[in-house]
Amino acid sequence: MKKLLTALLAAPAIALASGAALHLDKAPEVQRDNAALQSGARTFVNYCMNCHGLSYVRYNRLTQLGLSEQQIKDHLLFTADKIGEPMRIAARPAEQKAWFGATPPDLSLVARSRAS
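The sequence shown begins at 3 in the numbering used here and counts up by one.
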């Protein structure tokens, strides 16, 4: 009898604690505007990659943006000899620490941590 009474008293409390239906925001749809992605890659290589590397991304991954290997070699490949090499910067970490007070982060790690 005590168990039944406890269950009858606990059931409304549990139902009340569950709350109302939670409204979730919809995730944005992934846009595949290759022209914008190619422009972003060009901007990153020309400006951001002077300090920030993408050492866990290889140049040949840019073919996923619709670029040919020849386009990558001609317009985006400045610090490496081969298209399969990682996107590293030319500056040494000691120089960066002297110039900026700290070594700028590798943006492949930042992007990966924010995406997950």
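Where is the CB? At the ideal position from N, CA and C, for every residue including glycine.
Taking one C-beta from the stretch 60 to 67 and one from the stretch 77 to 95 each time, how about it: are there three or more such pairs within less than 8 angstroms? The stretch 60 to 67 is in contact with the stretch 77 to 95.
How many Å lie between residue 12 and residue 115 at the Cα? CA-CA distance, residue 12 to residue 115, rounds to 42 angstroms.
Skipping 5 residues on each side, what residues in its chain have a beta carbon closer than 8 angstroms to that of residue 112? No residues qualify anywhere along the chain.
Could you have a look at residue 94 and say whether DSSP puts it in helix, strand or coil? Residue 94: coil per DSSP, three-state reduction.
Tell me whether residue 88 sits in a helix, a strand or coil according to DSSP, three-state version. In the structure shown, residue 88 falls within a strand segment according to DSSP collapsed to helix, strand and coil.
What distance in whole Å lies between the Cβ atoms of residue 98 and residue 53, which are believed to be in contact at a cut-off of 8 angstroms? Rounded, the Cβ-Cβ distance is 7 angstroms, consistent with contact.
For residue 100, is the classification buried or exposed, using 16 other Cβ atoms within 10 angstroms of its Cβ as the cut-off for buried? Answer is exposed; the Cβ neighbour count stays below 16.
Could you please give the first and the last residue of the uninterrupted beta strand (DSSP E) stretch that includes residue 56? Segment 56 to 60, the beta strand (DSSP E) holding residue 56.
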